[in-house]
Amino acid sequence: MLSFNSSKALSRNRSGAAHKAACDHFDVACRTSHTKACDHKFADTASTRTTGRLAGWWKKTVAAVACALSFFVGSGVKSDAFPVSTKKTVEHAALIKSAPAYQEFPEELQRHIHGGDDGHLKRMNLLEWKSAEPKDAYILCIHAWGLSAREFNDFGAVMSAHGFDTAAIDVRGFGLDRKKHGMKRIDFPGTVQDISKLLGSVRKRNPDKKIFVVGESMGGALALKVGADFPDLVDGVIVSAPAWQISGVKRLTFEGLFDQVFGEPGFAARSVANMASNNSDLKKQWLTDESYRMNYSVPEAYDYYRLMRSTPLNAKHIKDVPVLILQGLGDRLSKPEASALLFKRIQNPSKQFAIVAGSEHLVLEEGQLTEKVSSFVEDWILSQMNNAGDENKTPSVVVIDNGEVKEAQRQELEKLKDLAGFERVKQLAGSS
Numbered sequence: 006m007l008s009f010n011s012s013k014a015l016s017r018n019r020s021g022a023a024h025k026a027a028c029d030h031f032d033v034a035c036r037t038s039h040t041k042a043c044d045h046k047f048a049d050t051a052s053t054r055t056t057g058r059l060a061g062w063w064k065k066t067v068a069a070v071a072c073a074l075s076f077f078v079g080s081g082v083k084s085d086a087f088p089v090s091t092k093k094t095v096e097h098a099a100l101i102k103s104a105p106a107y108q109e110f111p112e113e114l115q116r117h118i119h120g121g122d123d124g125h126l127k128r129m130n131l132l133e134w135k136s137a138e139p140k141d142a143y144i145l146c147i148h149a150w151g152l153s154a155r156e157f158n159d160f161g162a163v164m165s166a167h168g169f170d171t172a173a174i175d176v177r178g179f180g181l182d183r184k185k186h187g188m189k190r191i192d193f194p195g196t197v198q199d200i201s202k203l204l205g206s207v208r209k210r211n212p213d214k215k216i217f218v219v220g221e222s223m224g225g226a227l228a229l230k231v232g233a234d235f236p237d238l239v240d241g242v243i244v245s246a247p248a249w250q251i252s253g254v255k256r257l258t259f260e261g262l263f264d265q266v267f268g269e270p271g272f273a274a275r276s277v278a279n280m281a282s283n284n285s286d287l288k289k290q291w292l293t294d295e296s297y298r299m300n301y302s303v304p305e306a307y308d309y310y311r312l313m314r315s316t317p318l319n320a321k322h323i324k325d326v327p328v329l330i331l332q333g334l335g336d337r338l339s340k341p342e343a344s345a346l347l348f349k350r351i352q353n354p355s356k357q358f359a360i361v362a363g364s365e366h367l368v369l370e371e372g373q374l375t376e377k378v379s380s381f382v383e384d385w386i387l388s389q390m391n392n393a394g395d396e397n398k399t400p401s402v403v404v405i406d407n408g409e410v411k412e413a414q415r416q417e418l419e420k421l422k423d424l425a426g427f428e429r430v431k432q433l434a435g436s437s
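One gets this note's numbering by counting positions in the sequence shown from 1 and adding 5 to each.
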């Protein structure tokens with residue numbers, strides 16, 4: 006949870022300016038280093054360039070450390086971090102190859118998706134799963150940090166088979182197009198605008214369709230942002246482990262600085278992988294598969310911090326849109342307590358908190374989707390579509406039991422329901 010000392014307000018303002026200056030200096034260092042340090046490529050050329058390479062490396066390192074120190078020391082942050090997801094298994098990778106082809110935004114949206122000073126068109130990829138017999142519903146999915154739209158392949162296939170047209174979008178800076186000109190920079194505000202234009206087009210073409218936004222981890226934070234900023238375009242928000250409170254922020258951030266300077270996934274990537282999953286195959290894939298983005302600049306990390314910092318406020322501002330929060334009980338990366346506290350902040354009484362026993366950080370992506378979870382999500386969507394009276398307006402806490410709840414986990418469940426503001430769990434879903 007973010008913690009700020011009110012007696013240090015002036016110090017925070019000064020530190021904010023210092024952080025901006027440090028980040029600006031960092032950007033200049035990246036642009037001016039004749040070795041292109043921001044791409045972490047130190048060419049093995051003639052010895053006459055050695056001094057230039059060392060100067061560029063040193064300038065970048067000092068600027069990055071100054072930026073991070075000004076951010077963390079000045080802000081008074083206690084604990085948060087940058088949630089990154091895990092890799093898919095080899096078997097799941099084979100399934101991904103059969104996923105539907107990427108589609109571009111509808112033609113009428115192309116004029117809306119220009120971005121940046123270079124004037125290049127920023128066309129975000131959209132992966133779609135069309136239903137043969139579609140219901141009056143449209144589901145848009147937003148992936149976790151480091152992943153892409155393709156990680157919703159299992160979810161999209163299941164939901165489309167059950168009558169829901171489903172799509173998943175690449176967040177700017179991730180996915181297949183991230184290496185193209187103008188697409189390298191992670192851009193959360195731009196992504197939110199992309200999503201709003203897409204949903205606006207869906208609403209215009211199909212005014213009777215109910216629109217649901219689904220997001221996991223980073224995608225969950227963005228989904229809450231969309232629900233708060235564009236309530237007229239959204240009929241329901243489903244988030245899994247939405248990014249807010251993450252374990253080990255300071256350690257991960259300084260480890261990330263080393264990864265950034267030396268240009269490849271290292272300390273931070275391994276730490277996040279170990280917290281995100283106990284599955285050795287997932288962790289190995291996550292650390293070696295180049296199709297995922299594992300590194301980030303300090304300014305990008307700061308942008309992610311700002312997104313996480315806004316998550317509680319966005320949750321509080323959702324007053325008319327129903328919300329379902331999913332949370333893996335065994336999540337060691339995103340704190341389950343944070344999801345319980347977010348649930349309590351949501352003003353709309355049409356909300357539900359579903360604790361998934363037996364799951365870790367990922368619940369919907371990377372082949373981690375279970376039949377019980379997908380059935381539960383489908384039932385929730387149908388209940389919103391059918392507007393099931395007072396039942397939809399009564400907050401509830403539910404446990405999706407995969408048959409793996411132990412005594413220690415039951416104690417954790419008690420803690421979570423208390424934080425969520427409930428004296429008891431309303432029902433036990435999926436238990437045997």
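Beta carbons: idealized from backbone N, C-alpha and C, even for Gly.
Return the CA-CA distance between residue i and residue j, expressed in angstroms with no decimal places.
i: LEU367; j: ARG210; result: 33 Å
i: TRP134; j: ALA162; result: 6 Å
i: PRO247; j: ARG350; result: 13 Å
i: PHE427; j: LYS340; result: 19 Å
i: ALA172; j: ASP308; result: 25 Å
i: PRO3; j: PHE235; result: Not covered by the structure: residue 3. The range shown for the chain is 6 to 437.
i: SER388; j: THR399; result: 13 Å
i: VAL361; j: LYS377; result: 9 Å
i: ASP213; j: PHE193; result: 29 Å
i: ASP423; j: SER206; result: 41 Å
i: PRO139; j: GLY168; result: 4 Å
i: MET188; j: LYS202; result: 18 Å
i: THR375; j: GLN332; result: 14 Å
i: GLY195; j: ALA137; result: 32 Å
Quick check on residue i: buried or exposed, where buried means 16 or more other Cβ atoms within 10 Å of its Cβ?
i: LYS215; result: buried
i: GLU419; result: exposed
i: ARG155; result: buried
i: ARG177; result: buried
i: ALA425; result: buried
i: GLU365; result: buried
i: ALA233; result: buried
i: ALA149; result: buried
i: GLN352; result: exposed
i: ALA320; result: buried
i: ASP325; result: exposed
i: ARG311; result: exposed
i: LEU59; result: For LEU59, the predicted structure reports a pLDDT of 47, less than 50, and the residue's modelled location is therefore unreliable. The matter cannot be settled from this model.
i: ASP336; result: buried
Consult DSSP for residue i and reduce its assignment to one of helix, strand or coil.
i: LYS202; result: helix
i: ASP406; result: coil
i: TRP385; result: helix
i: LYS321; result: helix
i: LEU312; result: helix
i: GLN373; result: coil
i: ASP336; result: coil
i: GLY241; result: strand
i: THR196; result: helix
i: ARG235; result: Checking the sequence, you will find Phe at residue 235 rather than Arg. Here PHE235 sits in coil by DSSP.
i: VAL219; result: strand
i: ASP213; result: coil
i: ALA359; result: strand
i: LEU152; result: coil
i: LEU132; result: strand
i: SER401; result: strand
i: ALA142; result: strand
i: ASP423; result: helix
i: ASP159; result: helix
i: LEU331; result: strand
i: ALA166; result: helix
i: ALA343; result: helix
i: GLU417; result: helix
Just confirm the distance between the C-beta atoms of residue i and residue j, as a whole number of angstroms; I'd bet it's less than 8 Å.
i: LEU181; j: SER153; result: 7 Å
i: LEU347; j: ILE330; result: 7 Å
i: SER165; j: LEU369; result: Not a contact, Cβ separation roughly 15 Å.
i: MET390; j: ASP141; result: 7 Å
i: THR316; j: TRP385; result: Not confirmed; about 21 Å, so no contact.
i: VAL218; j: VAL239; result: 6 Å
Should residue i and residue j be called a contact, given that it needs their Cβ atoms to be closer than 9 Å?
i: GLU417; j: LEU338; result: no
i: LEU227; j: SER344; result: no
i: ARG415; j: GLU305; result: no
i: LEU204; j: VAL231; result: yes
i: VAL328; j: ALA359; result: no
i: ILE144; j: ILE200; result: no
i: ASP159; j: ASN130; result: no
i: GLN357; j: SER302; result: no
i: GLY372; j: ASP406; result: no
Of all Cβ atoms in chain C, is any one closer than 9 Å to the Cβ of residue i?
i: VAL404; result: Included in the structure is just one protein chain, with no chain C present.
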